[in-house]
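Below is one structure, written out as structure tokens; the observations come after it.
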Amino acid sequence: QQKLRAQGYDTGGSKGIIGAKTQNAIQEYRKKHKLGSNDNPQDSQLLAQLMNGDKPAAKTKETAAKRPPATIAAPERDNSRDAEQRATEAAEQQQAEAIARRQVEEAQRPPQIPLAPPPVAIDRNAANQATANLERQVEAERQASLARQEAERRRLVAEQATRQAEAQRRAEAAQLNAELARQTAERQSAERLAAEQAAQKAEAERARFRAEAQRRAEEIAREQSAAVRPAASAPVLAQNTPRPAPATTAAVATAPTTALNKPHGKTRFNRISGSLNMSGNGSLVNNCAIGGQNIDPGWCQQYYPDGSGKQCNAVISGSGSVVSLTCK
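Heads up: the sequence shown runs through residues 716 to 1043, numbered per my numbering.
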């Protein structure tokens, strides 16, 4: 800063603090003396130029003409603070000059060629042993690498086998589920078909039972009509017949009654009464009985499907067919 101020540059002071004005002064000085661009205030070229710039030999008329006029600083009071500042600046200047001289000397000093190291005696046995140890170490590392590669290969093979087994298991499970679904569908279809056939068969049986009952009812009606007509003409015959003895009269009086109860041909009807008991599979009645005597289950399913336990009366023909069924 002192050198720059002495040459007319504005450094903003000489307190050793490198501020913006000092930086600008350094850049202007470097540009003027073609020292390149460098922000380091302790650059060797910069310091050398500043130190040599004050030598008497370097002071020429041309240099003095080109040098800008120095700025005249305002007079300062001579007190202890100014003396301390001047002492500090002088010490800093001496330090900077010493650094600059040392850097210039180092730059001008020829490079030193390093001396070759002294020869070292080679122990052949130790070298051979070291080489053998190195070869064993390399071989051990190679074997370890091969072992790791083999372990990795086995792990990959095991993982692939596990994945294949899992895929096969899933495929078999899917196939089994499909087969079970197919069998279930077939079974349900067969059950529906069997139920439909059973319902159709039961309906056919009920129709047959109804037809048989209708035929039996008509037959009973005809038989009863035929039995009533002779009984109605019996009084007329009695009026025209001579009055018999008491024993004969009793026999004749009972004759119509015997004729009414006597079965005509092979047809005979029985009446049964009792509790209705039914059993079967679901809604299909397989067995039906009244008072312990089995009857056609079609009548029970057709007319009293929920009548188990009721009191019922039934008329059964001689062939075992149900003629009528009533329950309370």
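In this text, a Cβ means the ideal position worked out from N, Cα and C, and glycines have one as well. Computed from a prediction, not measured in an experiment: that's the story for all the values here.
Let's see if you can read the secondary structure: which residues bound the alpha helix (DSSP H) around residue i?
{"i": "glutamine 717", "result": "717 to 721"}
{"i": "isoleucine 741", "result": "735 to 747"}
Just grab the DSSP bridge partners of residue i for me.
{"i": "arginine 986", "result": "Val1030"}
{"i": "glutamine 1008", "result": "Ile1005"}
Under three-state DSSP, which class holds residue i?
{"i": "glycine 1044", "result": "Lying outside 716 to 1043, the shown extent of the chain, residue 1044 is not represented and no answer is given."}
{"i": "serine 904", "result": "helix"}
{"i": "leucine 1040", "result": "strand"}
{"i": "serine 860", "result": "helix"}
{"i": "serine 994", "result": "strand"}
{"i": "arginine 930", "result": "helix"}
{"i": "arginine 824", "result": "coil"}
{"i": "serine 1023", "result": "coil"}
{"i": "tyrosine 724", "result": "coil"}
{"i": "aspartate 797", "result": "helix"}
{"i": "leucine 750", "result": "coil"}
{"i": "isoleucine 732", "result": "coil"}
With respect to the beta strand (DSSP E) encompassing residue i, which residues constitute its N-terminal and C-terminal limits?
{"i": "isoleucine 1005", "result": "999 to 1005"}
If I'm right that residue i touches residue j with Cβ under 8 Å, what's the distance once you round it to whole angstroms?
{"i": "isoleucine 987", "j": "glycine 1013", "result": "Not confirmed; about 17 Å, so no contact."}
{"i": "glycine 1024", "j": "leucine 991", "result": "7 Å"}
{"i": "alanine 763", "j": "valine 819", "result": "5 Å"}
{"i": "methionine 766", "j": "alanine 813", "result": "Their Cβ separation, rounded to whole angstroms, is 10 Å, which puts methionine 766 and alanine 813 out of contact at 8 Å."}
{"i": "glutamate 927", "j": "serine 1036", "result": "5 Å"}
{"i": "leucine 761", "j": "isoleucine 741", "result": "7 Å"}
Segment contact flag, the region 840 to 851 with the region 738 to 751, C-beta cutoff 8 Å, min 3 pairs | No contact exists between the region 840 to 851 and the region 738 to 751.
Count the C-beta pairs between the region 1012 to 1020 and the region 933 to 940 that are closer than 8 Å, then say yes if the count reaches three, no if not.
-> Taking 8 Å as the limit for Cβ pairs, the verdict is that the region 933 to 940 does not touch the region 1012 to 1020.
Touching or not, the region 1024 to 1031 and the region 990 to 1005, by the rule of three or more beta carbon pairs under 8 Å?
-> Short answer: they touch.
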